[in-house]
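What follows is a short report on a single structure.
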Amino acid sequence: MALTIDVNGEQRVVEADGETPLLYVLRNDLKLKGARYGCGAGQCGACTVIVAGKAVQSCDVPVAAVVGKAITTIEGIGRNGQPHPLQQAFIDEQAAQCGYCASGIIMAAKALFDAHPGAGETEIRDALARNLCRCGTHHRILRALRRAQERMAR
Amino acid sequence: MTNAPIPRKLPGSLETNRALDRWLRINGDGTATVFPGKVEIGQGILTALVQIVAEELDIGIERIRLAPADTSYSPDEGMTSGSRSIQEGGMALRYAASEARDLLLQRAARKLGASLEQLTVANGVISARGGESVTYWELASDDLLRQEATAGIAPKLPAHHSVVGSSAMRLDIPAKVCGVSTYVQDMELPGMLHARVARPPSRGARLLTFDESEVRALPGVAAVVRDGDFLGVIAAREEQAIRAQRRLARSATWEETASLPESMDPRYLLQMKSEDEVISEKGDAAGAARASRTFSAEYTRPLIAHASIAPSCAIAQFEAGGYTVWTHSQGIFPLRADLVKVLGVEEKRIVVIHVEGAGCYGHNGADDVALDAALLARAVPGKPVRVQWTREDEFMWEPYGSAMVVKMSAALDAEGNVVNWTHDLWSHGHSTRPGPKDGANLLAAWHLAQPVKAPRPGNPPLPGGGSHRNAIPLYDFPGQRVTNHLVREAPLRTSALRSLGAHANVFAIESFMDELAEAAGADPVEFRLRHLKDARARAVIEAVAAKASWKHRERGDGTRGRGMAFARYKNLGCYVAVVVEVEAANEVRVRRAWAAIDVGQTINPDGVINQTEGGIIQTVSWTLKEQIRFDRERVTTRTWDDYPILTFAEAPEVEVVLVDRPDQPPLGAGEGAQGPTGAAIGNAIHNALGVRLRDMPFTRDRLIAAIARQ
Numbered sequence: 000m001a002l003t004i005d006v007n008g009e010q011r012v013v014e015a016d017g018e019t020p021l022l023y024v025l026r027n028d029l030k031l032k033g034a035r036y037g038c039g040a041g042q043c044g045a046c047t048v049i050v051a052g053k054a055v056q057s058c059d060v061p062v063a064a065v066v067g068k069a070i071t072t073i074e075g076i077g078r079n080g081q082p083h084p085l086q087q088a089f090i091d092e093q094a095a096q097c098g099y100c101a102s103g104i105i106m107a108a109k110a111l112f113d114a115h116p117g118a119g120e121t122e123i124r125d126a127l128a129r130n131l132c133r134c135g136t137h138h139r140i141l142r143a144l145r146r147a148q149e150r151m152a153r
Numbered sequence: 000m001t002n003a004p005i006p007r008k009l010p011g012s013l014e015t016n017r018a019l020d021r022w023l024r025i026n027g028d029g030t031a032t033v034f035p036g037k038v039e040i041g042q043g044i045l046t047a048l049v050q051i052v053a054e055e056l057d058i059g060i061e062r063i064r065l066a067p068a069d070t071s072y073s074p075d076e077g078m079t080s081g082s083r084s085i086q087e088g089g090m091a092l093r094y095a096a097s098e099a100r101d102l103l104l105q106r107a108a109r110k111l112g113a114s115l116e117q118l119t120v121a122n123g124v125i126s127a128r129g130g131e132s133v134t135y136w137e138l139a140s141d142d143l144l145r146q147e148a149t150a151g152i153a154p155k156l157p158a159h160h161s162v163v164g165s166s167a168m169r170l171d172i173p174a175k176v177c178g179v180s181t182y183v184q185d186m187e188l189p190g191m192l193h194a195r196v197a198r199p200p201s202r203g204a205r206l207l208t209f210d211e212s213e214v215r216a217l218p219g220v221a222a223v224v225r226d227g228d229f230l231g232v233i234a235a236r237e238e239q240a241i242r243a244q245r246r247l248a249r250s251a252t253w254e255e256t257a258s259l260p261e262s263m264d265p266r267y268l269l270q271m272k273s274e275d276e277v278i279s280e281k282g283d284a285a286g287a288a289r290a291s292r293t294f295s296a297e298y299t300r301p302l303i304a305h306a307s308i309a310p311s312c313a314i315a316q317f318e319a320g321g322y323t324v325w326t327h328s329q330g331i332f333p334l335r336a337d338l339v340k341v342l343g344v345e346e347k348r349i350v351v352i353h354v355e356g357a358g359c360y361g362h363n364g365a366d367d368v369a370l371d372a373a374l375l376a377r378a379v380p381g382k383p384v385r386v387q388w389t390r391e392d393e394f395m396w397e398p399y400g401s402a403m404v405v406k407m408s409a410a411l412d413a414e415g416n417v418v419n420w421t422h423d424l425w426s427h428g429h430s431t432r433p434g435p436k437d438g439a440n441l442l443a444a445w446h447l448a449q450p451v452k453a454p455r456p457g458n459p460p461l462p463g464g465g466s467h468r469n470a471i472p473l474y475d476f477p478g479q480r481v482t483n484h485l486v487r488e489a490p491l492r493t494s495a496l497r498s499l500g501a502h503a504n505v506f507a508i509e510s511f512m513d514e515l516a517e518a519a520g521a522d523p524v525e526f527r528l529r530h531l532k533d534a535r536a537r538a539v540i541e542a543v544a545a546k547a548s549w550k551h552r553e554r555g556d557g558t559r560g561r562g563m564a565f566a567r568y569k570n571l572g573c574y575v576a577v578v579v580e581v582e583a584a585n586e587v588r589v590r591r592a593w594a595a596i597d598v599g600q601t602i603n604p605d606g607v608i609n610q611t612e613g614g615i616i617q618t619v620s621w622t623l624k625e626q627i628r629f630d631r632e633r634v635t636t637r638t639w640d641d642y643p644i645l646t647f648a649e650a651p652e653v654e655v656v657l658v659d660r661p662d663q664p665p666l667g668a669g670e671g672a673q674g675p676t677g678a679a680i681g682n683a684i685h686n687a688l689g690v691r692l693r694d695m696p697f698t699r700d701r702l703i704a705a706i707a708r709q
């Protein structure tokens, strides 16, 4: 069936069963591959996007549930060559090894900073409670988030 | 320009891949293409290789293009593993590039009528003294590098390096953090179908019945494939494949056997048949006579998962009797060799192409899923088939890092010096990667109606070793005996996990050294230095002690404490010393870590630091939290809830000091920190609380039990 969803400010029509997890609609129908598949159970955060201002694990949400809500993906905040301050901070701090978790973490952090620009260390770490990193890049990522936060505050 | 004597053996992988144009091409458009046989697994290797080539060719990094590793044209460099990529791939490219530069200079000399000595190069422009110039790109032609490498042109001296030794930014990070399609998981080909495998519920399970017609009738299903105990489904859309796989799994009935150990305690190894080999022995009668006190202790590690954040994935296409496979395997040529055996076609009919995956940390499901994809693609000729393992597939079926038991004993003389040392380790093999002489190391191969059997599992040989990696102490003890008890038969498949046996062996050695230092009334740093002649080893220990402001015989405060540990990876790789600070109330938290690392010549300092930080943080997770769980039939670890790893709330701050040695050969950096980190945590807990934890992981329950026993 045809559904219309609002992705990165555009109305997109997709032919998908309403129960289909948002992640597969983004990746396979809309070719937005930045939300990555990690667990399919909302436990690792690799697929995090922002829905109506909140960080959401897109593998765990049926597409029918996000009709009429603003969805923002990593592709919607900046592009390679014109990165968002959060993405630029990851580059500046070289805050990646394999990078698979990065887009989900950036989206979780964006949702946090949009709501709480002055979030402290504990709030930042807590906001990433549902984001896993396996390479052990945690403290570089935290450094990048603090750097981005400072830049966005200016 | 000097002519070096031609080495009998060519450097690194050049020895086995001698055609210069397998490594490098100079293009007419102002670029050079590098063809590495080593692959990116999140460690930043491609950036380091580009730096090496840019340095030797005297061109900017931005002029270099990278060709993906592909069995149809890439040099065969075996596996990207063992922290050997710089030594093997990097050194091959260094010599190939210096020879290519020389060939270009010779052409330029002829063209400009100048002698070689009169020429200089800047970013690919060759200039003669009179001001005439010509570019690499003008001189390039298809036949330029169509010759055998000689390694006869000496690379630049380290003192002349400007690109090597600098922290060039990783080439791959901007695209990754901007969500660009990067990984094989993201790849899409025209007409591609999605597939899933319904794996057996346990090892050795036999498929009795399943409902093919019900699954076949589900929306989008293109094929249901059964071959012996291998069962899979292909569908048009990904969510349709997932639904069909669930239905297939639900409908299938299996006959299972209770083949797993009664207990998850690694000491099950001690009950099994082992092959025992003394791998180091030296005796000293005078030393033995001085022994005044003896000590012993036993240390264990459970089965640990690689637990890549991305479950394994591959795409395969079967067409005109041949296969193309896109994979994040660490070894495209060994994988092809195993695919040949299982698929029963000639080698030239299989092309294996590398596409990056997430970090793998060793041998995970990458190769297995490639075979799954090829087997399923056979059912839909012409169509690319993408197989994505689920999280549960990966936890249940990836080969684990082996459980290990290490028994130590030692004697001290009256002055508190070690005069005798024994180390006995029990472990399964640490290498069951694809590419063995006999059989195939691919999961589905063993499940087929006509299976290709697994070869006997084993270890890479010493000096690097597998289960016995780092079992021989680097310390200078007058008497020692090290024995490897290899338990070849493994109830659950085990293979290479980052650092192999070094994690448990160094954990045991360095924990025991602290126990002995305590008995000798010595400071842990001083006690190690006292038994260590190797100057580079001493230097990293001293460097980390200085960085962490280590105080002589410092004591914890009942909650917080610090510990240190050291190893030289494989006894021939990088040197790493680590200090950690823990907070241990009801559970153990690592708050801070400091490390010093010596990798010889550093190609990319920030790359080495990033690998070391990551190695430390990942090992904190292994050591505090991780264990694969099973009952008599099945692996019961299925989700991240069953296998918690370190979270952002728990991640320590890490500071790394590089001890750069530009005149020493470069060594790998990816696996040096694992052993020392595990032991440093145990030592810090003892320093904080006075209790000694010898069984990993150091869970809350184990800490509380140890405190209660105190």
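So the sequence lines, in the order shown, correspond to chains D and E. Each residue of the first sequence is one higher than the one before, counting from 0 in numbering that gives the first Met the number 0. Each residue of the second sequence is one higher than the one before, counting from 0 in numbering that gives the first Met the number 0. Where is the CB? At the ideal position from N, CA and C, for every residue including glycine. This structure is a prediction, so every number in the text was calculated from the model and none was measured.
- In this structure, the alpha-carbon of C134(D) lies about 23 angstroms from that of A110(D).
- Straight-line spacing of the CA atoms in S80(E) and V351(E) works out to 18 angstroms.
- If you check the CB distance, I314(E) and T70(E) do not come in under 8 angstroms.
- I303(E) has a beta carbon lying at 8 angstroms or more from every beta carbon in chain D.
- DSSP lists V578(E) as the bridge partner or partners of M563(E).
- If you ignore the 5 residues before and after E147(E), its C-beta comes within less than 6 angstroms of the C-beta of R17, all in its own chain and listed in chain order.
- Selection N130(D), H137(D) and G98(D) evaluated against C43(D) yields N130(D) as nearest (Cα-Cα).
- Listed in chain order, the beta strand (DSSP E) runs fully inside the segment 1 to 58 of chain E are 23 to 25 and 31 to 33, counting runs of at least 3 residues.
- Segment contact: the segment 633 to 643 of chain E against the segment 567 to 579 of chain E, fewer than three CB-CB distances shorter than 8 angstroms; contact not assigned.
- Neighbourhood of P20(D) in chain E, by CB distance below 8 angstroms: E238, in chain order.
- When rounded, the separation of the alpha-carbon atoms in N483(E) and R468(E) is 10 angstroms.
- Put simply, of V619(E), A285(E) and L424(E) the residue whose alpha carbon is nearest the alpha carbon of D275(E) is L424(E).
- S102(D) has a beta carbon lying within less than 8 angstroms of a beta carbon in chain E.
- With a threshold of 16 other beta carbon atoms within 10 Å, K624(E) meets it and is buried.
- For F294(E), no alpha helix (DSSP H) run applies; the uninterrupted beta strand (DSSP E) run containing it begins and ends at A290 to R300, by DSSP.
- Residues of chain D with a Cβ closer than 9 angstroms to the Cβ of Q387(E) are, in chain order, Y36.
- With a 10 Å radius around the Cβ and a threshold of 16 neighbouring Cβ atoms, Y322(E) comes out buried.
- Contact between A372(E) and S307(E) fails: their C-beta atoms lie close to 17 angstroms from each other, not under 8 angstroms.
- Around V179(E), the beta-carbon contacts reaching into chain D at under 8 angstroms are K32, G33 and N79.
- Within the model, the alpha-carbon separation for Y399(E) versus E488(E) is close to 14 angstroms.
- Remark: fewer than three beta-carbon pairs, one from each stretch, lie closer than 8 angstroms, so the segment 535 to 544 of chain E and the segment 512 to 519 of chain E are not flagged as touching.
- Taking S165(E) as the centre and dropping the five residues before and after it, the same chain places the C-beta of Q50, N603 and P604 closer than 8 angstroms to its C-beta, in chain order.
- Our two residues, E122(D) and G33(D), have alpha carbons roughly 25 angstroms apart in a direct line.
- Residues of the segment 2 to 20 of chain D with a Cβ closer than 9 angstroms to any Cβ of chain E, in chain order: A15, D16, E18, T19 and P20.
- At least one beta carbon of chain D lies nearer than 8 angstroms to the beta carbon of Y182(E).
- The DSSP assignment places complete alpha helix (DSSP H) segments of no fewer than 4 residues inside the segment 124 to 188 of chain E at 135 to 138 and 172 to 176, in order along the chain.
- Interface flag for R390(E) against chain D is set, since a Cβ pair is found closer than 8 angstroms.
- Within chain E, no residue has its CB atom less than 9 angstroms from the CB of Q148(D), the nearest being about 15 angstroms off.
- At least 8 angstroms separates the beta-carbon of W396(E) from that of V183(E).
- For K272(E), the three-state secondary structure derived from DSSP is coil.
- Apart from sequence neighbours up to five positions away, the residues of its chain that approach A15(D) with a beta-carbon distance below 7 angstroms are L2, V24, D28 and V62, ordered along the chain.
- Closest in alpha carbon position to F294(E), among L375(E), L143(E) and S408(E), is S408(E).
- Interface flag for E74(D) against chain E is set, since a Cβ pair is found closer than 8 angstroms.
- Annotation note: the segment 39 to 105 of chain D contains the following uninterrupted beta strand (DSSP E) runs of length 3 or greater, listed N- to C-terminal: 47 to 50, 53 to 56 and 69 to 71.
- For P82(D), the chain E residues whose Cβ falls inside 8 angstroms of its Cβ are P173, V176 and C177, in order along the chain.
- What F647(E) touches in chain D, judged by beta-carbon distance under 9 angstroms, is I104, I123, R124, D125, A126, L127, A128, N130, L131, C132, H137, I140 and L141, going in chain order.
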